[in-house]
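Residue numbers (my numbering), protein chains in the order written: chain A, 1314 to 1954; chain P, 27 to 366.
The C-beta atom is built at its ideal place from N, Cα and C for all residues, glycine as well.
Read through the structure below, which is laid out as structure tokens, and then see the notes.
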Amino acid sequence: MRIKSKLLVIYIPILLIGMALAGYWAYLTAYDSVREREYQLLTQTLTLNVLEIIDERHKLLIESGLENVPVFRDAYQKEVFEELKSLQQATNRHFAISEKSTDTVIFSTAESTVELNVEDASRTIIANREVAFGESNVNDSDVLFACAEFEPWNWKVTVLQSADSLQSSLSTIATLTSLVTLFTVVIVSLLIGRVTQIFVVSPIEKIKSAASRIAVDHKKVSIDLQQNDELGTLARDVEAMSGEIEQYVAQAQQANRAKTDFLAVMSHEIRTPLNGIQGLATLLLDTPLSDKQHQYASDLKSSASILATVINDVLDLSKIESGMSEIDVTEFDLDSMLNDLITLLGTNASANSTRLVYKSKNLESVAVTSDITKLRQIIINLVSNAIKFTHKGTVSVSAKLKQPSTETMSDNRLVIAVKDTGIGIDSERLEHIFDKFTQSDSSITRKYGGTGLGLAIAKQLAHILGGDIKVVSKVGEGSCFTVTANVQSRLKSETLTDSTSARQAHGASLPKGLKILLAEDNAINAVVAQALLEQLNCDVEHVDNGLKAAARVEEGGIDVVFMDIHMPVMDGIEATKRIRKLDGELGEIPVIGLTAEAFKERHLTFKQAGMDDIVTKPVTVEALQESLSKLALSQEVTDNS
Amino acid sequence: MRKVWIFFFSALICFAVTLSSAQAKEVLDLVILETLPVPIVAESRAEFEKELIRIMPEHDINIATYNAEGSEERAKEILSELAHKPAPDLIVSVATLAARALNTSEEFIDTPKLFMVVSAPVEEGIVPAIGAVSNRNMTGESHVLDAKVKLDMLDGVLRASNPSSPFTIGLVHSTYPSSSNLVNQLLALDSEYENINLVAVSTTYLEGDEGLVEMTDSIVDSLNQKRSELDGYWLSSGPLAEANGLVEKVKETSGLLPLFAESISSVKKGALIGVVSEPASIGKSAARKAKLILQRKSARDIPVGKMDTYTVAVNVTTAIKLQLPIPSSYLKLSKEHVYQ
């Protein structure tokens, strides 16, 4: 609820209560006033009208000496009765005259007998006459009355008035009071709302808007608020704070860049020897070894592989956190990609006596457009985790698109669920499993290994893809991770199918005796790379710097160049540029970069220098083969076109 | 030096003479022609003279009064004689016959004329209607109430006693113009009042004091003859109303009492109720009109109207005797004119 609404929600009831109390007080005051006025009118009618009518005639009789003349007295008393009848019609009040001593009614304008209880009546003196007045019940109706005596004629004169008019007046007052109260509440609420808007809400909204801008831009803001009150001071403080935030953010970004640079350098520096270790271990395993030696070599390769994974994870996280991870969108066959992954990871599952199954929905003959690398990484992380924590169980991967695809490219939502029957996760630890360097239990780290970065990276990548990862789990029964991502999809065209098939076909058979020039300054890495390439039936020639490489290419007879980046004398980038400047077919020789730098933007720089593909160290025979196959395919496609 | 003193005194004398002549009051000549000196006529005329002198102190007012001795012919003779004299500034006629003679006189067409104590100026042919102006350079006002108002008042008194049958009232009058005019009006309205039954009791108008005595005796006889059918009588206006001893004689001979009278004196003598214009009011009102005329406002431009001040008088002894309670409103109006 907005602050203005909150204030009004608070103000209006308070105002309503206040105005209701004030209105009630006004009503009571008016009630007393009206009652007082009615009694005043009644008593004045009695004394100033009725008794005056009587007294006037009595005085006339006295002055004319006719007081004791019955015919005159009777006639004048009749005149009084007639005048009271007229007065009754004019005032709607009733008049009664009775014999004081006997209470015998002499005259009455009321149709029924009037018996009043005057004992509790109030008394007052008006025009030197004592008047009793009050309220009584006559024939089940409330009446107001006033009565006085007229001694000379031994009369008791009474004026009666229905209380209905009083009730009606009070009802009108109550209605008016309520209306005025409501009207006042509405007007005052509007005024309070307006005043609050001007003096409180508007400044707060300006400050809020500025805070939102700070949150998004991390820049210094200026708030258009000239008040010299607390909100004005707050605005100035926010302005000052925004300046500091801008400064801190700049410093943080600087620090992050420095960290990233450091990691990149460290990555390169670690990967280079790691490349050697991994490669040499691979080579060593292909040599005749005793069982014990084979085991050592195998463990050495595994250790190197784990170390490479750790380095990759750290780098990935670093890239994501520094905002350098960008979406590289391509169209691909998701069903096929997932099938490949299942096949790839199936080996690990089998090693853990676990069954890995895959099923899909709405994915057949569908081309999906997304960042295949990130998606693959997410699935590998989740499936690897599931396999790792499932022993003699089942890991099932199911994928579906929420909307059926059409021939036209349209937005869709991808949902992939990775479900296992493994050890499960304690509910208390569930909320922390996506935190960095966190596993559900420290004992798990000791038992299963891992850095605790996999899920954190997967979740961050899912966020980058416009989705998320949710998990439900039960200890001892297993877990289910559900990945969602925004993708685009359409029914697959023939071209895509053919192209993919062609690439698959080529990947299977590389031409024999390819003349490869390997430019690598690190001797161990050179040995490894050369050995791996020779496993692919390539004829490898080695040089140790870029200048030599460029020169060798210029001499001719080279089919493909594998070019290290960081080399003495001339680095790989410069060498590639030189090669590209060569005339004729020499300048078009495929150059594949070999680098320990894992950041994509660096890869882009290499490609801009003229490299056709990049293979990241530590190099594997599969990576080399895939890169060569890709080149061959593109070459073929170019030739065909 | 001596010559200077002579010149100075001569100039002073001239100045004094001039000043005294400038300060001399303007002299106004008035002629009053009264019908006969009955009390209402004489008293009204006296009040007129007194009031006029009071309200016009800057003038010397010479008033010549003539008595027509109750005769229209005598009034005409007086006017003929006056025609040979210098025309006065204003001629005032008092009572009907003098007013009639003055109005019809051709000698004084250009002289402004004023009448008072005339009950019926319309019937006398002075103006076509009350509120109209005269084309004979004459104005004035009637001093009596409308006949209907008088009947309403009497009806109010009678109704208060809840009579079982209408009161038969003898309308006592002479053939004197104002008297017979009023009676005719009352008779015309009689049918509108269920409590009142009017019967005309008439005598021929006779001039002079002896005539008044003869008229009185005639009326006493007439009422005595009709006493069985009458509950009371109405003493109409005119000289008869001013006759001495009429009420007493009637009461003595027939026991009848006057129920309505046109003079205060009649009420004092026993009339139940009377509504009249007092001579003081008549005289003062006429004096105010005379002042307007003397200040050069044409009598032709002053409409003939009715008096706006009347006096109510009641006699409670008669009321008690007749068992007719006078309504309090009339008793209140009577103020100092409640008689016993």
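- By the rule that beta-carbons nearer than 8 angstroms mark a contact, A339 of chain P does not touch chain A.
- Taking E167 of chain P as reference, the option from P:K139, P:P192, P:A186, P:P265 with the minimal CA-CA separation is P:K139.
- According to the DSSP assignment, A313 of chain P belongs to no beta strand (DSSP E) but to the alpha helix (DSSP H) extending over 305–320.
- Non-local beta-carbon contacts of V246 of chain P in its own chain, meaning distances under 6 angstroms to residues more than five positions away in sequence, involve K275, V276, T279 in chain order.
- The DSSP-derived three-state label of A1461 of chain A is strand.
- A straight line joining the alpha-carbon of N1850 of chain A with that of K1825 of chain A spans about 5 angstroms.
- At a C-beta separation below 8 angstroms, Q349 of chain P has these neighbours in chain A: V1384.
- About 33 angstroms separates the beta carbon of V364 of chain P from that of V330 of chain P, a gap too long to meet the 8 angstroms contact definition.
- A straight line joining the alpha-carbon of D86 of chain P with that of K361 of chain P spans about 38 angstroms.
- If you draw a 10 Å sphere on the C-beta of I1316 of chain A, you find fewer than 16 other C-beta atoms in it, and that means exposed.
- The beta-carbon separation of G1791 of chain A and D1733 of chain A, rounded to 5 angstroms, stays under the 8 angstroms limit for a contact.
- Each residue's CA atom was taken as its position, placing L1860 of chain A and E1914 of chain A some 25 angstroms apart.
- It is roughly 5 angstroms from the alpha-carbon of F1420 of chain A to the alpha-carbon of I1410 of chain A.
- In this structure, DSSP gives T1488 of chain A a helical state, which the three-state scheme calls helix.
- Using a Cβ-Cβ cut-off of 8 angstroms, V342 of chain P counts as an interface residue toward chain A, since at least one Cβ of chain A sits closer than that to its own.
- Beta-bridge pairing by DSSP links N1450 of chain A to A:D1455.
- Membership of L1827 of chain A in the beta strand (DSSP E) is indicated by the continuous run 1827–1832.
- Contact annotation: L1831 of chain A and L1845 of chain A have beta-carbon atoms that are not nearer than 8 angstroms.
- If you keep only unbroken beta strand (DSSP E) runs of at least 3 residues inside the region 195–236 of chain P, you get 222–229.
- Listed as beta-bridge partners of H85 of chain P by DSSP are P:E52.
- Against chain P, the CB of S1377 of chain A has a partner CB under 8 angstroms away; the residue lies at that interface.
- The alpha carbon of K252 of chain P has as its nearest neighbour, out of P:S262, P:L282, P:A269, P:I89, the alpha carbon of P:L282.
- Chain P places a beta carbon closer than 8 angstroms to that of A1388 of chain A, counting this residue as a contact.
- The contact set of E1464 of chain A on chain P, defined by CB atoms closer than 8 angstroms, is empty, because the minimum CB distance reaches about 20 angstroms.
- Only those residues of the region 311–335 of chain P whose C-beta falls short of 7 angstroms from the nearest C-beta of chain A would be listed, and there are none.
- Any Cβ of chain P closer than 8 angstroms to the Cβ of L1373 of chain A would place that residue at the interface, and such an atom is present.
- Counting only the Cα atoms, V1873 of chain A lies some 31 angstroms from T1682 of chain A.
- A distance below 8 angstroms separates the beta carbons of S145 of chain P and T122 of chain P.
- Beta-bridge partners of I1782 of chain A (DSSP): A:V1796.
- Within chain A, the residues placing a beta-carbon under 7 angstroms from that of K358 of chain P are L1373, ordered along the chain.
- In summary, the residues of the region 172–202 of chain P whose CB is separated from some CB of chain A by less than 7 angstroms are A186, in the order they occur in the chain.
- Excluding residues up to 5 positions away in sequence, G1589 lie with their Cβ nearer than 6 angstroms to the Cβ of I1837 of chain A in the same chain.
- With a contact defined as Cβ atoms closer than 8 angstroms, E255 of chain P and T194 of chain P qualify at about 6 angstroms.
- Within chain A, the C-beta atoms nearer than 9 angstroms to that of I346 of chain P come from L1379, V1382, V1384, F1385, in chain order.
- When C-beta distances to chain A are compared with 8 angstroms, every residue of the region 290–308 of chain P stays at or above that value.
- In the DSSP annotation of this structure, the continuous segment of the alpha helix (DSSP H) that includes A1563 of chain A starts and ends at 1543–1598.
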